[in-house]
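Asker: Taken in order, these protein sequences are the chains called A and B.
Every position in the first sequence, counted from 1, becomes a number in this note's numbering once 35 is added.
Every position in the second sequence, counted from 1, becomes a number in this note's numbering once 1236 is added.
No residue lacks a Cβ here, since even glycine has one placed at the ideal position from N, Cα and C.
Source: prediction; values computed, not measured.
After the structure tokens below, expect a handful of questions from me.
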Amino acid sequence: MGKLYTFPGGIHLADHKSVSTQSDIRQSAIPERLFVPLDQHIGPAAECVVSKGDSVLKGQMIGRVSEFISAPVHAPTSGTVIDIQKFPAAHASALPSDVVIIEPDGKDEWQQRSPLASYEKMDPSELRNIIRCAGIVGLGGAAFPTYIKMNPVGHNIGALILNGAECEPWITCDDMLMRTHPGDIIEGAKIMRHALQATRVIIAIEDNKPQAVASLRSYEGEYEWLEVQEIPTSYPTGGEKQLIRILTGRDVPSQGLPLDLDLVVQNVATAAAVHYAINNLQPLISRIITVTGPGVKSPCNIEALIGTPMSDLIELAGGYTDDADRLIMGGPMMGITLKTDATPVIKATNCLLVQTPESQRDASATRACIRCGECVKVCPMRLLPQQLYWYSRSRNFDQLQRHNLFDCIECGCCAEVCPSHIPLVQYYRFGKSEIWKKEQESTKAGLARQRTEARQERAERIKAERKAKHAKAKAAKAAAGDDKQTEIKAAVARSKAKKAEQQSATEKL
Amino acid sequence: MILSILTLAALAAVFGLLLGYASVHFKIEGDPLVDQVDSLLPQTQCGQCGYVGCRPYATALVEGEAELNLCVPGGDDVIAVLAETLGREAKPLSDEHAAHVPSIAYIIEDICIGCTKCIQACPVDAIVGAAKQMHTVIIEECTGCELCVPPCPVECIDMLPIRACTDTWTWPEPAPAMQTVN
């Protein structure tokens, strides 16, 4: 067992995990309608390749990708595409985004699948491509396309870290997966290790999940490259950079990637999804979701198809309690509030948390900052949350960037300990999105400037060309004019000579 | 005495040569301030400031001929940075322009007769089409300057506000803390 390190800051939270681990994972039935969004990941939305009235088979690709950072979308079951509509996205903005609505035919019929060769015989790039085509994204909640992280781009990967920390309170979907399907995670780990040509695989699990640790430890003896590491429970240990710090004692550089330290971090559920894609030929069409919180009657974990309306899951978890107040996708620290439970489950939905008025902070309790510095003590990224708050409030975006706003992982520790109940993370998110917006605007302005300049240059060139053409024509005309004059003179001279000849002839007669 | 005169004369000659060399070899073409001011403007090329484009307005600003509150698409944010860069006092945008909504031109393709007049008007070459062929706007490149709207003989160009999507959405600014007295 390796030596463990600590990361700066962090807090201890009441984990509330046992409420949703009392029962087995429930299977959600195929719903009456599936609402499959085309934008479920980081990067541009997939491009729809089906149209209204098409019949689709289970696992058939319905959204393809054209960009580098993107992921395809597949039909979760067989049925008919009844419409492609705008629907509120599972996004903080709740803005409408394109959704393919499928009416299942109940047959759950798979598309034609031909078995693949053993993963060991495949080239890493081949494996990456299958992972890409299976639409696999990080299932920890960020939904970053996995195949991009599976490319070591010249690095010799020392270790693949499988993140089973699951540090946010209430969420237990990874815990339940590790307890009940450890073999799937190990199979996925084997494939990922081969694709990355990684020396070791470390599965890191917080010590508040002893059953998960035990079930994965049973595989430790089988593979000499495997290490199951129990790490102390603290929030946010599950953050990629914090986890690397705990396991290796090294820091990922500011704005850098784990790859800079020859490491790759993937979620345990992502590893299982890779196993399903390669060994079972099943693209990412379902996932495990924790439905929990004081606002649901019977908290549990549910395996559901992507596109299932969240209200179906709430119903399966016993329905709302009378005082249910707020629906959050994700955990209480980093989750986003949803406006409606008609929102479909997407690849990034790891948890549905239903809060009651007592279980959350009253927004009106916000007071002025008293500069106590508690936020600085708990920041796991060693930032200055208070400074960032002031700069964000005064819209001083240059200073925000100088104070490394973009290193903020939005874990919410600072807001949690703030005695004035200031929604600090909201200020950072506001600052980040304003800076992004400004960057987009300046890129667009640069393009417009370039095009205007090119247009002006072209106009001048055309003008000059036209002028040159006119001058040439004029010169040609002038030259032609001279020719005419001489011709006339010659003709006159000829007729004169003829006349003189005739005259002399008559004189002779 | 002579030594000091000679020393100073030699120093003067050396520095003179250095300055002369620098003025020839490090000469900057054009006014760098104009470039800087131009880079602050939104490059809509709409001409609402009364100049034919962003760069002419930038030149006029640097020469002190133009007011700095004329850029409608830029709004108060651009006025603020212009004031800072030019060392002048910021003024609010005049009221008639205050409600500027960023828009994009859309050609109603069924009505378009293919006259090419909008193509000639577009300052950023964002309209494609040919004589007697349908025209269309490349939306990624349209700056929403509205210059194509008046020349259209069949009124087939609509200015539609840019629809927010999840990629361009920004988090709202949190409400400031409750202020308490005593």
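In whole angstroms, what is the alpha-carbon distance linking A:THR115 and B:LEU1329?
Answerer: 54 Å
Asker: Closest to B:VAL1360 by C-alpha separation, out of B:THR1404, B:ASP1271 and B:CYS1378, would be which residue?
Answerer: B:CYS1378
Asker: Under the DSSP definition of a beta bridge, which residues are partnered with A:GLY114?
Answerer: Beta-bridge pairing links A:GLY114 to A:VAL91 and A:PRO139.
Asker: For A:TYR462, go through chain B and note every residue whose CB falls closer than 7 Å to its CB, in chain order.
Answerer: PRO1410
Asker: Closer than 9 Å, Cβ to Cβ, to anything on chain A: give me those residues from the segment 1350-1369 of chain B, in chain order.
Answerer: For the segment 1350-1369 of chain B, residues whose beta-carbon sits nearer than 9 Å to a beta-carbon of chain A comprise CYS1358, PRO1359, VAL1360, ASP1361 and ALA1362.
Asker: If we ignore side chains and look at the alpha-carbon of each, how far apart do A:GLY328 and A:LEU482 end up?
Answerer: Computed Cα separation, rounded: 49 Å.
Asker: Mind checking whether A:LEU69 and A:THR375 have CB atoms under 9 Å apart?
Answerer: 9 Å or more divides the Cβ of A:LEU69 from the Cβ of A:THR375.
Asker: Hey, is the segment 380-396 of chain A in contact with the segment 337-354 of chain A, meaning 3+ C-beta pairs nearer than 8 Å?
Answerer: yes
Asker: In chain B, which residues lie with their C-beta within 8 Å of the C-beta of A:LYS472?
Answerer: Counting only Cβ-Cβ distances below 8 Å, A:LYS472 has contacts in chain B at THR1404 and THR1406, in chain order.
Asker: Buried or exposed: which applies to A:ASP210, given that a residue is buried once 16 or more other Cβ atoms fall within 10 Å of its Cβ?
Answerer: buried
Asker: Can you say whether A:LEU423 is buried or exposed, counting buried as having 16 or more other CB atoms within 10 angstroms of its CB?
Answerer: buried
Asker: Entirely within the segment 233-311 of chain A and at least 3 residues each: give me those beta strand (DSSP E) ranges in chain order.
Answerer: 235-241, 261-266 and 298-302
Asker: So the candidates are A:ALA169, A:TYR270, A:GLU495 and A:VAL300; which of them puts its Cα closest to the Cα of A:CYS448?
Answerer: A:TYR270
Asker: Of all the residues that make up the segment 1365-1394 of chain B, which are near chain A by a beta-carbon distance shorter than 7 Å?
Answerer: GLU1377 and THR1379
Asker: Answer yes or no: do A:MET96 and A:ALA80 have a C-beta to C-beta separation smaller than 9 Å?
Answerer: no
Asker: Kindly say whether A:LYS382, judged by its beta-carbon, lies nearer than 9 Å to any beta-carbon of chain B.
Answerer: Chain B has no Cβ within less than 9 Å of the Cβ of A:LYS382.
Asker: Answer yes or no: does any C-beta atom of chain B fall closer than 9 Å to that of A:HIS126?
Answerer: It does; some Cβ of chain B falls within 9 Å.
Asker: Can you find a C-beta in chain A that's less than 9 Å from the C-beta of B:LEU1277?
Answerer: Chain A contact via Cβ: present.
Asker: Spell out a yes or no on whether the segment 1256-1264 of chain B and the segment 1275-1282 of chain B are touching, meaning 3 or more CB-CB pairs, one atom from each, closer than 8 Å.
Answerer: no
Asker: How close, in whole Å, do the beta carbons of A:ILE166 and A:TYR182 come, if the pair is a contact with beta carbons under 8 Å?
Answerer: 5 Å
Asker: Please go through the segment 1345-1408 of chain B and give each complete beta strand (DSSP E) segment of 3 or more residues, from N-terminal end onward.
Answerer: Here the runs fully enclosed are 1393-1397.
Asker: How should A:PRO139 be labelled, buried or exposed, when 16 other C-beta atoms within 10 angstroms of its C-beta is the threshold for buried?
Answerer: buried
Asker: Smallest Cα separation from A:SER25: which of A:SER113, A:ALA194, A:CYS83 and A:LYS93?
Answerer: Nothing in the structure corresponds to residue 25 of chain A, since chain A is present only between 36 and 544.
Asker: Starting from A:MET364, follow the beta strand (DSSP E) in both directions and report where the run begins and ends.
Answerer: 361-364
Asker: Please name the residue or residues paired with A:THR327 in a DSSP beta bridge.
Answerer: A:LEU388
Asker: Could you list the residues in the segment 178-200 of chain A with a C-beta less than 9 Å from some C-beta on chain B, going in chain order?
Answerer: none
Asker: Where B:ARG1291 and B:SER1275 are concerned, what is the direct C-alpha to C-alpha distance, given to the nearest angstrom?
Answerer: 9 Å
Asker: Residue range of the beta strand (DSSP E) that B:TYR1342 falls in?
Answerer: Unbroken beta strand (DSSP E) run through B:TYR1342: 1339-1343.
Asker: Is it right to say B:THR1243 is buried, meaning 16 or more other beta carbons lie within 10 angstroms of its own, or is it exposed?
Answerer: Classification for B:THR1243: exposed.
Asker: In or out: B:ASN1418 buried (at least 16 other Cβ within 10 Å) or exposed?
Answerer: Any answer about B:ASN1418 is weak, because its pLDDT of 43 lies below 50 and its placement is not dependable; what the coordinates show is given next. B:ASN1418 should be labelled exposed.
Asker: Is A:LEU73 buried or exposed, if buried means 16 or more other CB atoms sit within 10 Å of its CB?
Answerer: buried
Asker: Under the three-state reduction of DSSP, which class applies to A:CYS335: helix, strand or coil?
Answerer: The answer is strand: DSSP assigns A:CYS335 an E or B state.
Asker: According to DSSP, what are the bridge partners of A:ALA194?
Answerer: A:ARG235 and A:LEU298
Asker: Check for me: the beta strand (DSSP E) holding A:PHE70 runs from which residue to which?
Answerer: 69-72
Asker: Could you tell me which chain A residues have their CB closer than 8 Å to the CB of B:CYS1307, listed as they occur along the chain?
Answerer: The contacting residues do not exist; B:CYS1307 stays about 12 Å from chain A at best.
Asker: As a quick exercise: from A:PHE432, A:HIS51 and A:PRO454, pick the residue whose alpha carbon is nearest that of A:THR401.
Answerer: A:PRO454
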